[in-house]
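Note sheet for the following structure.
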Ligand code: G3H
Ligand code: ZN
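Shown next, in the form of structure tokens:
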């Protein structure tokens, strides 16, 4: 059934575990994420990024409605979340589309402007009953994932000190903006195709001690299983995963087409691609749950 992101994160944080939040681009992503969650009987967040909406010609509803219907019919609790939203217009479409939460991303702006933009987004979101996440410090690599790869901003090096979230600044940011959760930059980077990110667990400890809101890890596809487990034990309550699904999808399709060059029916290769995504989603949810199952 459909639930809210706030409910899932609150429950995860209380159980010292994390909820997986998967980025979906196509209907097959939606089907795979829910199937993967059902296969391990775990709740899940289905999230649609602003870039994914751009891919669908700026229209949230076709994919959003499919996700809403799939969530309502799922045998596990599923919440819908809008991810990396920079457009106020898109932010305002969330409630009508059935999304219970948004990640409002003004992290590209200098601190004062990030705070001011986030604070007004929080005011609006809370008046609608939405749960809202923001980012402080920059999790690099987002620009590489943009459709059309434009905008000329080089992705930040995930290991550069400037990419980290400062605990004192984070405490002030959370208090002054009123956000419900904070995405922190602790060494992960978006759109990594190798799982080689090393997280700064000492910084995570300091952030957990400094903040009383749940923390969110972005760019989790590049984070190895053990690092993910340690991050969850260290206080990460929502783990965002996108690229891992796309690696599974594209890899399975590439292999299928190479073995069957005569195939033209997309159902043939999308079936294997979707199954690979479902398997990946189920496996990663299992990694995040290991802590509380143990
Ligand atoms: O907000 C989305 C996530 O941070 C996904 O990052 O594609 O590197 O897993 P990823
Ligand atoms: Zn992200």
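Numbering (UniProt numbering), first residue to last: 2 to 295.
Beta carbons: idealized from backbone N, C-alpha and C, even for Gly.
- Here the segment 119-126 makes no contact with the segment 63-73; the two share fewer than three CB pairs at distances below 8 Å.
- For residue 115, the shortest C-beta to heavy atom distance toward the ligand ZN is 6 Å or greater.
- Under DSSP, residue 84 takes part in a beta bridge, and its partners are 50.
- Note on geometry: alpha-carbon atoms of residue 55 and residue 241 lie some 19 Å from one another.
- Judged by DSSP in its simplified three-state form, residue 121 adopts helix.
- Straight-line spacing of the CA atoms in residue 278 and residue 37 works out to 8 Å.
- With a threshold of 6 Å, the Cβ atom of residue 219 counts as near the ligand ZN, since some heavy atom of the ligand is closer than that.
- An exposed status is given to residue 255, since fewer than 16 other beta-carbon atoms sit within 10 Å of its beta-carbon.
- The DSSP-derived three-state label of residue 26 is coil.
- Residue 112 sits exposed, since fewer than 16 C-beta atoms from the chains shown fall within 10 Å of its C-beta.
- Here residue 143 is buried, its C-beta having at least 16 other C-beta atoms within 10 Å.
- Less than 7 Å separates the beta-carbon of residue 178 from that of residue 116.
- In terms of Cβ geometry, residue 222 and residue 193 form a close pair [threshold 7 Å].
- Counting the other Cβ atoms within 10 Å of the Cβ of residue 59 gives fewer than 16, which makes it exposed.
- Under the DSSP definition of a beta bridge, residue 241 partners with 22.
- Taken through DSSP and simplified to helix, strand or coil, residue 224 comes out as coil.
- Of 232, 63, 262, 129, the smallest CA-CA separation from residue 289 is found for 232.
- Setting aside the 5 residues that flank it on each side, residue 42 is surrounded in the same chain by 77, each with a C-beta closer than 7 Å to its C-beta; the list follows chain order.
- The alpha-carbon separation between residue 264 and residue 250 amounts to approximately 17 Å.
- With a cutoff of 6 Å, residue 52 does not count as near the ligand ZN, since its C-beta is closer than that to no heavy atom of the ligand.
- Cβ neighbours of residue 32 within its own chain (closer than 7 Å, five residues either side excluded): 71, 275.
- In terms of Cα proximity to residue 48, the closest of 28, 176, 83 is 83.
- The beta carbon of residue 241 sits closer than 6 Å to at least one heavy atom of the ligand ZN.
- Closest in alpha carbon position to residue 228, among 199, 209, 236, 206, is 199.
- Taking 6 Å as the cut-off, one finds at least one heavy atom of the ligand G3H near enough to the beta carbon of residue 244.
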